[in-house]
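K.L.:
Residue numbering for the sequence shown is 3 to 140, as defined by the numbering used here.
Every residue, glycine too, gets a C-beta built ideally from N, C-alpha and C.
Because the structure is a prediction, the values reported are computed rather than measured.
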Amino acid sequence: MLIVLVFVGSHALYHGRAIAQKADGQSPGDWVAEIEKVFIRSEDCKQCHDRHYEEWKGVREQTPDLKTFGRVDAALLHGTALESPVFRTVLGVWMQTNPSPDEQRRCLSCHVPSTTVFPQHAEKVVAQVLAGKPQIEG
3 MLIVLVFVGS
13 HALYHGRAIA
23 QKADGQSPGD
33 WVAEIEKVFI
43 RSEDCKQCHD
53 RHYEEWKGVR
63 EQTPDLKTFG
73 RVDAALLHGT
83 ALESPVFRTV
93 LGVWMQTNPS
103 PDEQRRCLSC
113 HVPSTTVFPQ
123 HAEKVVAQVL
133 AGKPQIEG
């Protein structure tokens with residue numbers, strides 16, 4: 003069983019790198035900037051909401067430790083899915099099932115809400131997540 007998981011995970015990561023290479027031919031700065039006009043980075047919120055930003059930052063840093071004790075609720079994972087190796091692996095495996103565009107929209111609408119406003123960039127975001135280098139927060 004472990005061998006199968008290692009194979010599937012490594013294949014998913016390789017597949018993600020291949021997809022990311024296709025997306026790399028485009029200027030990421032342009033489409034990232036377009037998304038960030040609507041979905042601003044959490045660092046931008048810090049200017050006025052320093053205390054809240056630090057609370058969220060602290061919670062995100064503690065999440066792996068809290069999971070050990072079984073005390074994590076979904077709100078603690080806010081804004082971290084795109085950087086999660088688990089999410090990256092599961093996304094890669096799921097993409098191998100060739101989900102329809104509607105299935106992709108349903109999945110990404112929660113995990114990457116910016117794709118509901120900017121569906122034209124969904125493939126690029128997925129490619130970056132699979133490559134382990136997302137440039138947006140979600």
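1. Rounded to whole angstroms, what's the CA-CA distance from Thr118 to Asp104? Just pull it up for me.
2. Which residue comes first and which comes last in the alpha helix (DSSP H) that contains Pro103?
3. What separation, rounded to the nearest whole angstrom, lies between the Cα atoms of Gly18 and Arg108?
4. Starting from the Cα of Ser116, find the closest Cα among Ser102, Gln98, Pro101 and Pro136 and give me that residue.
5. For Cys50, does the three-state DSSP call read helix, strand or coil?
6. Between Gly134 and His51, what straight-line distance do the alpha-carbon atoms span, to the nearest angstrom?
7. Taking the beta carbon of Glu45 as the centre, do at least 16 other beta carbons fall within 10 Å, making it buried, or is it exposed?
8. Taking 6 Å as the limit between beta carbons, can you name the residues of its chain near Lys39, skipping five residues before and five after?
9. For the alpha helix (DSSP H) that Val119 lies in, which residues bound it at each end?
P.N.:
Taking the structure as given:
1. Along the sequence shown, read from residue 1 onward, the residue named residue 118 stands at position 116. Along the sequence shown, read from residue 1 onward, the residue named residue 104 stands at position 102. For Thr118 and Asp104, the distance between alpha carbons rounds to 12 Å.
2. On the sequence shown, residue 103 is found 101 positions in, with the first residue counted as 1. Its alpha helix (DSSP H) spans residues Pro103 to His113.
3. Position 16 of the sequence shown, counting from 1, holds the residue named residue 18. Position 106 of the sequence shown, counting from 1, holds the residue named residue 108. Because the pLDDT of Gly18 is 48, which lies under 50, any placement of that residue in the model is unreliable, and the number read from its coordinates should be weighed accordingly. Rounded to whole angstroms, Gly18 to Arg108 spans 20 Å at the Cα level.
4. One-based indexing of the sequence shown puts residue 116 at position 114. Closest option to Ser116, Cα to Cα, is Pro136.
5. In the sequence shown, counting from the first residue as 1, residue 50 sits at position 48. In the structure shown, Cys50 falls within a coil segment according to DSSP collapsed to helix, strand and coil.
6. The residue given as residue 134 occupies position 132 in the sequence shown. The residue given as residue 51 occupies position 49 in the sequence shown. Going by the C-alpha atoms only, they are around 29 Å apart.
7. Looking up residue 45 in the sequence shown gives position 43. Classification of Glu45: exposed, given that the 10 Å Cβ count is below 16.
8. Sequence index remark: in the sequence shown, residue 39 carries index 37 (1-based). Excluding positions up to five away in sequence, the list is empty.
9. As a first step, residue 119 must be located in the sequence shown, where it is residue number 117. From DSSP, the alpha helix (DSSP H) with Val119 extends over Ser116 to Val119.
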